[in-house]
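Notes to accompany the following structure.
Chains as they are written, first to last, in our numbering: chain C, 23 to 275; chain X, 33 to 378.
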């Protein structure tokens with residue numbers, strides 16, 4: 023196999039240098055060794071190596087390749103661990119560089135951003151809005167505690183001798199009202215059907231039938247209506263619904 | 033005298049006789065030659081009746097004319113009317129309403145017949161029971177053969193009862209069908225809840241295969257619909273983002289996806305386009321639709337709301353959720369419809 027003279031010279035020089043370091047070889051031995059090495063059959067480079075070389079030298083898609091490379095680093099087990107002694111020395115010399123575990127919240131935020139980037143963008147946009155101050159009239163009303171009937175505290179039914187008693191009673195009443203609303207109107211915010219709102223015509227039917235259980239949390243509001251008239255709907259949408267159901271809906275047709 | 037005008041007195045007489053029969057018997061008018069019905073149960077382990085597979089295409093691939101009575105019990109009111117139905121076997125069909133016997137009070141009787149005829153075409157396609165997928169039917173429904181010799185409009189039918197194997201709720205639906213085994217055409221059907229309360233009854237009073245449809249307004253679908261390929265990316269097919277639910281009611285699987293175009297004449301404004309995804313459990317269907325939005329807008333910060341209305345066995349919802357106008361309908365517990373919306377637009 024013909025070899026490149028420059029390559030042979032470089033190899034002989036490297037072998038001589040190595041022999042000199044050991045002090046046990048001659049120049050002739052280095053040349054023989056170089057010829058022997060150059061005489062070995064050449065092995066083809068792995069295709070992946072050729073691809074990597076081309077990718078490294080090719081200017082196109084550099085950004086995409088960089089992203090892919092970073093993404094590969096993020097894969098579990100992709101990053102080689104530093105040798106333990108190196109990590110120890112680094113920790114001694116630079117305590118702030120010691121490996122730390124990211125907070126779970128950060129992982130959750132990254133996962134949420136990757137799975138639903140639009141929601142993340144919406145949250146950031148809404149979070150950057152400047153909070154508007156409450157109207158002065160509202161502040162004035164809060165400054166003067168009142169009973170549930172709207173009268174200034176002291177004349178209402180929830181009169182209290184404590185300075186904050188009116189607000190406390192008001193707050194407790196609101197909490198009680200909220201609990202009642204949840205108990206009495208379970209379907210208002212995506213609760214299980216059949217417990218509130220309109221029920222289909224007829225008796226309850228087979229009592230052995232199991233009520234469906236939620237499989238995913240709902241993040242939107244559900245409003246139940248007794249009839250079509252109360253639901254906000256356009257004429258075109260009414261026609262579409264009737265087409266989907268194959269029914270003529272009441273309530274204003 | 034046209035055929036329609038001539039037929040009305042006859043239809044009225046037929047309807048009156050049918051009503052009397054129902055009132056007297058207090059039950060379906062389908063009778064069997066053998067008297068007491070010998071109930072033969074054919075559940076999941078047994079072979080399904082061979083004609084079930086033909087039921088889906090039968091209303092369109094069978095040439096016939098017939099007159100049927102439709103009785104629908106909806107929210108305390110009753111629709112009771114006669115339909116003239118015809119099909120030429122090539123996909124075109126007609127539904128006309130020559131006689132209306134009972135209507136909910138809010139309907140104007142003068143407008144009821146054309147409205148019922150228009151909606152009746154949709155009912156013919158989506159309300160009338162049909163086997164949408166035989167394999168799924170075998171998985172999700174028990175098919176009981178009640179009789180093999182029921183007579184409907186002079187034709188011998190198999191009388192079947194279909195119950196969902198695992199009821200989705202206490203308000204589940206039970207179907208009784210009278211099917212002509214030669215064609216797969218459903219000549220009578222009744223829908224009731226698990227307690228036996230009837231919600232819908234339809235029965236052909238007359239039916240003639242290969243009848244004369246020359247005087248009928250035969251048409252295919254009324255809404256312009258383009259079939260989409262759900263095995264491919266849907267957004268390029270629509271030219272806009274497409275939202276499909278990822279969580280369906282138990283036993284339901286995607287059947288088809290369409291792009292519907294509601295013309296400006298109907299909307300009163302611009303062309304209205306909706307993507308419609310249909311899920312089926314072999315017999316029932318659940319529909320999810322969302323309006324096509326070709327504008328580039330910022331994500332909506334408001335989660336939105338869904339308005340739910342129950343109508344007969346149906347529950348349908350309409351709302352704007354996460355900035356997407358959505359519509360959902362099905363004879364399943366509303367929770368499953370809410371989950372369709374949740375997993376589609378979030």
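Positions of the beta carbon are idealized from the N, C-alpha and C atoms, including for glycine.
Less than 6 Å between C-beta atoms, sequence neighbours within five positions excluded: which residues of the same chain meet that for residue 274 of chain X? 266, 267 and 307
Distance, residue 68 of chain C Cα to residue 350 of chain X Cα: 59 Å
Close Cβ partners of residue 55 of chain C (< 7 Å) along its chain, the five nearest in sequence each way excluded: Only residues of its own chain outside the window of five on either side were considered, and among them 37 have a CB closer than 7 Å to the CB of residue 55 of chain C, listed in chain order.
Segments of 3+ residues assigned as beta strand (DSSP E) that fall wholly inside the segment 93-143 of chain X: 95-106, 109-120 and 125-134
Is it right to say residue 223 of chain X is buried, meaning 16 or more other beta carbons lie within 10 angstroms of its own, or is it exposed? By the Cβ-count criterion, residue 223 of chain X is buried, with 16 or more other Cβ atoms from all chains shown falling within 10 Å of its own Cβ.
Interface residues of chain C facing residue 335 of chain X [CB-CB closer than 8 Å]: 241, 242 and 243
On a CA-only basis, which of X:327, X:311 and X:234 is nearest residue 363 of chain X? Give me that one, please. X:311
Taking 8 Å as the threshold (C-beta atoms), are residue 221 of chain X and residue 208 of chain X in contact? Yes. Within cutoff.
Roughly how many whole angstroms lie between the Cα atoms of residue 236 of chain X and residue 134 of chain C? 56 Å
Can you pull the DSSP bridge partners for residue 305 of chain X? Per DSSP, X:293.
In chain X, which residues lie with their C-beta within 8 Å of the C-beta of residue 236 of chain C? 367 and 371
Please report the Cβ distance between residue 232 of chain X and residue 365 of chain X, rounded to the nearest whole angstrom; I am assuming they are in contact, meaning their Cβ atoms lie under 8 Å. Their Cβ separation, rounded to whole angstroms, is 19 Å, which puts residue 232 of chain X and residue 365 of chain X out of contact at 8 Å.
Compute the Euclidean distance between the alpha carbons of residue 302 of chain X and residue 295 of chain X, then round it to the nearest angstrom. 8 Å
Using a C-beta cutoff of 8 Å, does residue 259 of chain C count as contacting chain X? Chain X contact via Cβ: present.
Which residue from X:180, X:313 and X:157 puts its Cα closest to that of residue 281 of chain X? X:313
Using the DSSP secondary-structure output, state which residues sit across from residue 232 of chain X in a beta bridge. X:104 and X:223
When burial is assigned at 16 or more other CB atoms within 10 Å of the CB, is residue 361 of chain X buried or exposed? buried
Closer than 8 Å, CB to CB, is residue 304 of chain X near chain C or not? yes
Contacts of residue 348 of chain X in chain C (Cβ-Cβ under 7 Å): 263 and 267
Using the rule of at least 16 other Cβ atoms within 10 Å of the residue's Cβ for burial, across every protein chain shown, is residue 334 of chain X buried or exposed? exposed
Just verifying my parser: in three-state terms, what is the DSSP assignment at residue 324 of chain X? Coil, per DSSP.
Can you check whether the C-beta of residue 162 of chain X is within less than 8 Å of a C-beta belonging to chain C? no
Given residue 33 of chain C, which residues of its chain have a CB within under 6 Å of its CB, disregarding the five upstream and five downstream residues? 56
Could you list which residues in chain X have their beta carbon closer than 7 Å to that of residue 253 of chain C, in chain order? Those within 7 Å of residue 253 of chain C in chain X are 339, 341 and 350.
Would residue 260 of chain X count as contacting chain C if we go by Cβ distances under 8 Å? no
Can you tell me where the beta strand (DSSP E) with residue 206 of chain X in it begins and where it stops? 205-211
Please confirm whether residue 131 of chain C has its beta-carbon closer than 8 Å to some beta-carbon of chain X. For residue 131 of chain C, not one C-beta of chain X is nearer than 8 Å to its own C-beta.
Report the neighbours of residue 375 of chain X on chain C: residues whose CB is nearer than 8 Å to its CB, in chain order. 238
Please decide whether residue 159 of chain X counts as near chain C, where near means a Cβ-Cβ distance under 8 Å. yes
Are the beta-carbon atoms belonging to residue 126 of chain X and residue 249 of chain X less than 8 Å from one another? yes
To the nearest angstrom, how far is it from the Cα of residue 377 of chain X to the Cα of residue 240 of chain X? 48 Å
Let me know if residue 39 of chain C comes out buried or exposed under the rule of 16 or more other beta-carbons within 10 Å of its beta-carbon. exposed
So, are the CB atoms of residue 262 of chain X and residue 320 of chain X less than 8 Å apart? no
What does the alpha-carbon distance come out to for the pair residue 79 of chain X and residue 167 of chain X? Taking C-alpha positions only, residue 79 of chain X is separated from residue 167 of chain X by approximately 12 Å.
Against chain C, with Cβ distances strictly below 8 Å, would residue 246 of chain X count as a contact? no
In three-state DSSP terms, what is residue 357 of chain X? strand
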